[in-house]
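Notes for the one structure printed next.
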Amino acid sequence: MSVCTSLVLHLLLDCQRDPQMRLLDKLEDYLCRGLLITFVTLLFIQIILREIFNFGLPWIEELSRFAFVWFAFLGASYAAKLNAHNRVELHLKLLPDALYKSTIFLVDMVWVIFNGLIVYKASQVIAELTEWPYLTPALGWSLAHVYYIFPLAFTLMSLRILQVQYNRIFKNIEPIDADQQQVKESVSVALGSGETQK
Amino acid sequence: MMLTLFGLFFAMLLLGAPIVVALGVSAMGVYVVNGDDFTSLIVLAYNAIDSFPIMALPSFILAGALMGDAGIARRLILVAETAAGKSHGGLGSAAIISCLFFGSVSGSGPATTAAISMLLVPAMIDKGYPRPYAASLTSTAGGLGIIIPPSIPMVIYGVTANESISGLFLAGVVPGTLLALALLTLNYFRSRKHGYGANDSESNAVSLRQVVWDAKWSLMAPLVILGGIYSGFFTPTEAAIVAVFYSLFVGVVIHRESTFAGFKSALESTTWLTGRVLIILFAATAFGRVLVENQIPNAIAESILSLTDNLYLIWVVVIAFLIVLGMFMETLAMILIVTPILLPIMTAFGVDPMHFGVVLVACCVIGFSTPPLGENMFIASSISRAPLETIAVKAFPAVLAMIAVVLMLAAFPKLSLFLPELAGY
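First to last, the protein sequences are chains A and B. When we follow my numbering, the leftmost residue of the first sequence carries the number 207, and every step to the right adds one. When we follow my numbering, the leftmost residue of the second sequence carries the number 2, and every step to the right adds one.
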C-alpha cells in the first residue's frame with residue numbers, strides 16, 4: 207500500500223518531465239489498443255467460424271467480453287486524461303475564470319474520493335471472490351481476476367484527474383479539448399485527407 | 002429518499018461534476034443515508050457492462066471512424082451532392098441528405114455539422130444562399146443521422162431499456178425519413194420563394210452514374226450491416242464487427258486511402274468515447290437500481306396521474322422537457338439518465354418502450370441542433386462565420402417543423418412500430 211502511495215506521489219510530482227509518466231502513457235495506450243483489437247478480432251473469428259465452418263468455441267465470447275470490460279474501464283481513465291468526461295458546465299463558464307476553475311477543482315476532488323470508495327468496496331468484493339471463488343463457465347477463470355480492473359482503472363483515473371488539475375493549476379496547461387479534436391478529424395475526413403484524390 | 006437522490010444529483014451536476022460522479026455519488030448517498038452497504042451496487046453495475054449487446058457500442062464507433070478514414074463517408078457525400086443538384090435549393094437539399102448519410106456513419110451530430118459545413122456552406126454561399134441560412138441547414142440537419150440505423154443512441158437505449166436493438170433500428174427508419182423530409186420540403190419552399198440556388202444545376206460536371214459507381218463500396222456498407230442483421234446472419238454487435246473489417250478491407254484494398262495514422266486515431270477516439278459512455282452506464286445502472294428500490298418512478302407517475310390522465314398532454318410535457326435537456330447534455334449521457342426515470346412512467350401510461358425510445362432519440366436530434374444552446378449551432382456558426390443569432394432566426398422554422406414531426410410520432414405510435422412489428426420484433 208505504501209509503495210503504491212509513494213509511486214503515485216512520485217508520478218504526480220513530476221509528471222511533465224519524468225520518463226515514468228511517459229512509460230505509463232505508453233503502457234496505457236498499448237493496453238487499450240491491444241484490448242480493443244483483441245475483442246474485435248476474436249468476435250470476427252467467431253463469426254467466420256460459425257457462418258463458414260458451422261462451428262463455435264464458447265471461450266471466444268467469454269474472453270472477448272472480459273477484454274471488452276477491461277477496455278471500457280481503462281477507456282474511462284483514458285477519457286479522464288483527456289478531460290473528456292461529460293459535464294454540464296455552460297453556466298459555470300459564465301463565472302469569472304478563477305471561480306470556475308476552483309469549482310471544477312472541488313468537484314474533481316469529490317470525484318477522487320468517489321473513486322477511492324469504489325476501489326475500497328471493489329477490493330472487498332475481490333477478497334470475497336478469492337475466498338469463495340466463482341469460476342467463469344467457459345474459461346474457468348476466477349471472477350476475482352476480472353474484478354482486478356476496478357482497483358486498477360479507478361486508481362489510474364484518480365491519478366489522471368489529479369494530473370489534469372496539477373497541470374492546470376501549477377503549469378497553466380489546459381488539456382486539449384478531445385471533442386473539438388474529433389470534430390476537426392471528421393472535417394478532414396469529409397474533405398479527403400490532404401485532398402490527394404482531386 | 003427522492004430528495005436525497007435528486008438533491009445530490011442536481012447539486013453535483015450544477016457544480017460542474019462529471020455526469021458519472023453526479024449519478025454515482027447520489028446513488029451511493031442514498032445507500033449511506035439508509036445505512037446500507039453499497040457493495041451490491043458495484044456488482045450490479047459491473048454486470049451491466051459485462052454484456053454482449055453493449056459491445057455493439059465500441060464496435061460501431063470504431064466502424065464509423067474507420068469508414069471516415071477509408072473514404073467511405075466522403076463518397077456518400079459526393080453522391081448526395083450530385084443527386085440533389087437540379088431542383089430549387091438543390092445544394093441545400095444536398096447538404097441535408099449529406100448530413101443524413103454522414104451522420105449515420107459518424108454517429109455524432111456536431112462532427113457531422115462540422116464536416117458538412119466545411120464542405121458545403123462555402124459552396125452554398127457561392128451560389129447565392131445567405132450565409133446564416135446555409136449554416137442553419139447544416140446545424141438543423143446535423144443530428145438526423147443519429148436516428149437512422151445503425152444508430153449508436155439506439156444501441157444505448159436498447160441496452161438501458163432492455164429492448165431489442167435490431168427492432169429499435171427498424172423503428173427509427175420511418176421517423177428519421179419523416180424528419181429529413183420535413184427539412185427537405187421546408188428548404189424547397191423557402192429556396193423557391195427567395196430564389197436561392199436558382200443556378201445550382203450548372204455545377205453538374207460529373208454524371209450521377211459515375212459518382213454512384215465510384216461510391217458502390219460505400220453504398221454497400223449499410224446493406225452489409227443492416228442486411229446481415231435482418232436476414233438473421235448477425236446480431237447487431239456482430240454486424241458492427243463485420244462493419245469494422247469491411248471498412249478496413251475497402252480502405253486498404255479497394256480505395257487504398259486508409260493510413261496507419263488514421264487507424265491509430267480511430268482506435269484512440271474509440272477508447273475515450275467508449276470509456277466515458279460506459280462509465281456513465283455503470284453509474285446510471287446503480288442510479289436506476291436506487292430509483293426502482295425506492296419506487297420513485299411509480300410515485301412520479303402517480304402524482305402525474307393525479308393531475309391529468311391525458312396521454313397527449315403528458316407527451317407534450319415530456320417532449321418539451323427532453324428537447325430542453327438535449328440542449329444542455331450530451332446525447333448518450335442524456336439517454337442513460339432519462340431512460341430509467343421516464344421509461345417506467347411512460348409504460349405505466351401504456352406507451353410501448355420501443356415507441357418511447359424513438360421519440361426520445363428524435364428529441365435528442367432536435368436538442369442539439371436547437372438555438373440558443375445546441376452544440377451544432379455553435380459549430381456551424383464558427384465555420385460559416387455567421388453570427389449565432391442570425392443562424393438561430395433562420396433555423397427557427399426548421400426546428401418548428403421537426404417539433405411538429407416529433408409530436409406526430411408521439412401521437413401515432415404506428416409510425417415507429419409498423420416496421421418492427423412487420424419484421425416480428
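The beta-carbon is built from N, C-alpha and C at its ideal position, and this holds for glycine as well. Source: prediction; values computed, not measured.
- The shortest CA-to-CA distance from Leu120/B to any of Gly144/B, Ser107/B, Leu79/B and Met409/B is the one to Leu79/B.
- For Ile255/B and Ala74/B, the gap between their C-alpha atoms comes out near 14 Å.
- In the three-state reduction of the DSSP assignment, Ser348/A falls in the strand class, which pools E and B.
- For a cut-off of 8 Å, the C-beta gap from Ala402/B to Leu185/B is around 10 Å, too long to register as a contact.
- Excluding the 5 residues flanking it on each side, Leu312/A has no same chain C-beta neighbour closer than 8 Å.
- Judged by pairs of C-beta atoms under 8 Å, the segment 50-67 of chain B touches the segment 243-259 of chain B, as three or more such pairs exist.
- The closest CA to that of Phe350/B, considering only Arg386/B, Ile336/B, Ser304/B and Val362/B, is found on Ser304/B.
- Contact of Gln330/A with chain B is assigned, a C-beta pair being separated by under 8 Å.
- Leu301/A carries a coil assignment under DSSP once its states are collapsed to helix, strand and coil.
- Here Gly143/B is near Gly110/B, since their CB atoms are less than 8 Å apart.
- Below 8 Å, enough C-beta pairs join the segment 133-152 of chain B and the segment 96-115 of chain B to call them touching: three or more.
- For Gly143/B, not one C-beta of chain A is nearer than 8 Å to its own C-beta.
- Against chain A, the beta carbon of Pro150/B has no neighbour under 7 Å; the closest one sits roughly 19 Å away.
- Following the DSSP letters along the chain, one finds Trp265/A inside the alpha helix (DSSP H) bounded by residues Pro264 to Lys287.
- When 8 Å is used as the limit between beta carbons, Phe53/B is near these residues of chain A: Glu267 and Arg271, in chain order.
- Within the segment 284-303 of chain A, those residues whose Cβ lies closer than 7 Å to any Cβ of chain B are, in chain order, Tyr284, Ala285, Leu288, Ala290, His291, Asn292, Arg293, Val294, Glu295, Leu296 and Leu298.
- DSSP, reduced to helix, strand and coil, places Leu121/B within a helical segment of the structure shown.
- Pro414/B and Val352/B have their alpha carbons spaced roughly 9 Å apart.
- Arg293/A carries a strand assignment under DSSP once its states are collapsed to helix, strand and coil.
- Note on geometry: alpha-carbon atoms of Pro388/B and Tyr130/B lie some 15 Å from one another.
- In the structure shown, the three-state DSSP call for Pro19/B is strand.
- For Val393/A, the chain B residues whose Cβ falls inside 7 Å of its Cβ are Ala115, Ala116 and Met119, in order along the chain.
- The shortest CA-to-CA distance from Leu179/B to any of Leu6/B, Glu269/B, Ile98/B and Trp316/B is the one to Ile98/B.
- Contact with chain B is absent for Lys232/A, since none of that chain's Cβ atoms lies less than 8 Å from the residue's Cβ.
- By the neighbour-count criterion, in which 16 or more other beta carbons inside 10 Å mark a residue as buried, Leu280/A falls on the buried side.
- Listed along the chain, the chain A residues whose CB falls inside 7 Å of the CB of Ala112/B are Gln388, Val389 and Ser392.
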